[in-house]
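Heads up: the sequence shown begins at 205 in our numbering, then just goes up one per residue.
Data block below; observations after.
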Amino acid sequence: MASLASAVERYFPYEGYRRHQRELIQFVYEVFRDGAIGLVHAPTGIGKSVSVLVGWLAAWEEGHGNRLLVVTRTKSQLEIYARELRRIKEHSGGGFTASTIKGRQSMCLQEWSGNLSYRDFLSVCKRLREEKRCEYYNLTFDEGRRVSRLASLALREVARGGVVSADELRRICLRVGVCPYEVMRLHSRYADILCGSYNYALMSHVRGALLRSSISRIELVIDEAHSLPQYASGILSDEITTNSLRRASRELREYEVDDYGLVGAVRRCLEEWATNVYDSYGWDREAVVRREDLIERLMDDVDASDEAELLGLIRELVEEGNAIRWRRSLEGRRPISYLARCAEFLEAWVAHLEPYYVRYVMAVEGAKERVLGVLGLRCIDPSVAAAEAINGARATIIMSGTLWSMDYYIDILGVDRSRVRRLSIPPVYPPENRLIMVDVGVTTRYEERNPQQMEEIARRLSAILNAVPGRAAVYFPSYEVMKDVLERLRLDAPLLVERHGMRHEEALEFLSSNPNGVILGVARGKLSEGVDLVEDGRGMLKAVVIVGLPYPRRSELQDATIHYYREKFGARARRYAYELPCLTALAQSAGRLIRTPQDRGIVIIMDRRAAGPFKRKLPPHWRRQMKSYKDIHELVNQIREFFKTNL
205 MASLASAVER YFPYEGYRRH QRELIQFVYE VFRDGAIGLV HAPTGIGKSV
255 SVLVGWLAAW EEGHGNRLLV VTRTKSQLEI YARELRRIKE HSGGGFTAST
305 IKGRQSMCLQ EWSGNLSYRD FLSVCKRLRE EKRCEYYNLT FDEGRRVSRL
355 ASLALREVAR GGVVSADELR RICLRVGVCP YEVMRLHSRY ADILCGSYNY
405 ALMSHVRGAL LRSSISRIEL VIDEAHSLPQ YASGILSDEI TTNSLRRASR
455 ELREYEVDDY GLVGAVRRCL EEWATNVYDS YGWDREAVVR REDLIERLMD
505 DVDASDEAEL LGLIRELVEE GNAIRWRRSL EGRRPISYLA RCAEFLEAWV
555 AHLEPYYVRY VMAVEGAKER VLGVLGLRCI DPSVAAAEAI NGARATIIMS
605 GTLWSMDYYI DILGVDRSRV RRLSIPPVYP PENRLIMVDV GVTTRYEERN
655 PQQMEEIARR LSAILNAVPG RAAVYFPSYE VMKDVLERLR LDAPLLVERH
705 GMRHEEALEF LSSNPNGVIL GVARGKLSEG VDLVEDGRGM LKAVVIVGLP
755 YPRRSELQDA TIHYYREKFG ARARRYAYEL PCLTALAQSA GRLIRTPQDR
805 GIVIIMDRRA AGPFKRKLPP HWRRQMKSYK DIHELVNQIR EFFKTNL
């Protein structure tokens, strides 16, 4: 242990340690030393990022292991790792090199590259490189794919600092005139530490193209791992809409492509199904359809003799779409193709026969309450994408501030139990800094949702927010509930309402400009997970209000997930598919409040179910702190009393 202590002293860049930080560093060191898989529950404020890096460096210095790959869900988390690596480098003068990495599209210098789907971008980028039409790529390599003098110049400048961010590398390459992504690939072959998005761990072709080494020669850290199950399923899932199919039909006419009526057949089928789903379930509820339901319709409409012939036609349309992308690029137009987009989706629909894929239709509200259809292909087994990387890496750390049930993550991600070690760290902030309250006067339980209930939620929420002396965040179980309550809310404070595709930076800018601002978002959304609402090193919020319990929406898709889990996990099926996703979303929403040990504030759950049997599912420190109120005036008085002594 003397060698560990000296290594930690050499690499740890701060004067003092936070509570439990030494314990975390030692745990990480031992996991990497022994080639294990470590699950870490460590609350906000302990200094997880620097602890993991120091623990790995201590093991690496002793010759245990190879290169480190750190993956996170958000850009803000990547920036934290880059900042900590610079501090460690400055403090230790260590001989390691490190880099943050981004995808090809994010690094591209072409003006047209930003406002495209990733598939559209990749198609055109590949063609430009093949035909030697990209000036940046051409200047990166000489004949025979040797690294050019200019690229070598950029590499030397990148390597000079030892720790480089993807944005810094891009600026260097812009100045030199070479392709940032290719220079990043060259640099990443030799970097000891790489930090990037989940894709670099979960997608083997992406990982292989960049790292140029087997996963068994990599050490892996997965941060914010509470979101990994949803993300891992998402990268293997896809959707198309009636709007995409309409645009694909226009494309067919404009470029005179004969699709034998395929796109029109899919569109008619989806419109019919979406109308039926709306009549049965209303908006935003997935209804399951069989794979054959669509294939048989298409084979009849396009006169295909069998599935192989249908799949061949679909693949021809993918190539036609790629040709349209290229043609538009040559014409100076956005190189997009909805035909390719729809054909790629249909190819996956036909090709995937695995039992962990579920197909569904959903009706969503368009302009003037028009019914729009969504056709989806959902992977419901996260382990398909996650297990290979987690178990294949020489050693892996899986960590988050909300790994409340480690068995859930072990099972759902397919983690090799024989290699697992666990560390659970209690909260590091004083319990009196946070007040947890339950408003038992309302509920968002599906069977009880009605205009009167939404009116009562809005009335009580208005009283709560008016009593909070500062910024607040309100999280709803769905956009539907948020819309219903927002229409009835009576507030004078500035509001920012979450939209699909909203950037984290927008919320930070809004809160910075409005000392009494309120953000309204949805659980599992952009504003409730993976965003640090921090200013000058302190949390920006005084209150987090969670309206309702954020259970996954009831639908046929959810029922299909429970059925699949029952086959795989037995009696744990409902807990894994329904209860634990709710608990994780609840914990993440509440976690936006206390970001440092000095922060103080209140968490309010507006749902009577939280004070019933549901309470037993919460961790002990939550149960000890929770207090329930039915009288809204009493609840508001308690809020005012708390802030009177805690401002």
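Don't be surprised by glycine CBs; every beta carbon is placed ideally from N, CA and C.
Nothing here was measured: the structure is a model prediction, and the numbers come from that model.
Query                                                                                                         : Result
Euclidean distance between Cα positions of V256 and L228                                                      : 8 Å
Close beta carbons around F300, own chain, < 8 Å, minus the five adjacent residues each side                  : L261, W264, K293, G366, D396 and I397
Stretch-stretch touch, CB-based, cutoff 8 Å, three pairs: the stretch 442 to 451 with the stretch 542 to 550  : yes
Exposure label - H837; buried when at least 16 CB within 10 Å                                                 : exposed
8 Å contact criterion, which G721 and L700 should meet: CB distance rounded                                   : 7 Å
Distance between beta carbons of I284 and V189, contact taken as under 8 Å                                    : Examination of residue 189 is not possible in this model, given that the chain is present from 205 through 851 alone.
Residue from C312, L320, K819 and L390 whose Cα sits closest to the Cα of D371                                : C312
Inter-stretch contact (C-beta, 8 Å, three-pair minimum) for the stretch 572 to 579 and the stretch 477 to 489 : yes
8 Å CB neighbourhood of L530 in its chain, flanking five on each side removed                                 : Sequence inspection shows Trp at residue 530; the Leu mentioned does not correspond to that position. Cβ within range, chain order: S327, V328, R331 and P539.
Per DSSP, cross-strand counterpart(s) of C583                                                                 : Y561
DSSP bridge partner residues for G400 (one or two, in chain order)                                            : V275
Span of the beta strand (DSSP E), counted from its first residue to its last, around G536                     : Per DSSP, G536 belongs to no beta strand (DSSP E) and is neither H nor E.
Cβ contact check for the stretch 505 to 523 and the stretch 589 to 596: 3 or more pairs under 8 Å             : no
Beta-carbon proximity check, I808 vs V735, cutoff 8 Å                                                         : no
CA-to-CA distance, Y780 to P559, given in whole angstroms                                                     : 18 Å
Length of the line joining the Cα atoms of R626 and R271                                                      : 23 Å
Through-space distance from S628 to E524, alpha-carbon basis                                                  : 53 Å
Among Y564, L784 and A527, the one whose alpha carbon lies nearest that of W477                               : Y564
Among D696, E713, T648 and S622, nearest to V689 - alpha-carbon criterion                                     : T648
Span of the beta strand (DSSP E) around T479                                                                  : No beta strand (DSSP E) holds T479; the alpha helix (DSSP H) holding it covers L466 to Y485.
Delimiting residues of the alpha helix (DSSP H) encompassing D442                                             : Note, D442: premise wrong, no alpha helix (DSSP H); beta strand (DSSP E) at D442 to T445.
Cβ neighbour criterion (16 or more within 10 Å) applied to Y561                                               : buried
Under 8 Å between C-beta atoms of V644 and R812                                                               : yes
Three CB pairs or more closer than 8 Å across the stretch 724 to 740 and the stretch 789 to 800               : yes
At least 3 beta-carbon pairs within less than 8 Å: the stretch 598 to 608 vs the stretch 418 to 428           : yes
Beta-bridge pairing of V351 - partner residues as DSSP gives them                                             : F345
Residue from A662, S541 and R495 with nearest C-alpha to G580                                                 : R495
Residues bridged to L700 (per DSSP)                                                                           : I723
H556, DSSP secondary structure in three states                                                                : coil
Local conformation of R489 per DSSP, three classes                                                            : coil
Buried versus exposed call for R374 [16 or more other C-beta atoms within 10 Å across all chains shown]       : buried
Cβ-based neighbour list, A662, same chain, cut-off 6 Å, excluding 5 preceding and 5 following                 : V689, R692 and L693
For K831, three-class secondary structure by DSSP                                                             : strand
Where D585 falls, given that 16 or more other Cβ within 10 Å makes a residue buried                           : buried
Local Cβ density within 10 Å of G269, reported as buried at 16 or more and exposed below that                 : buried
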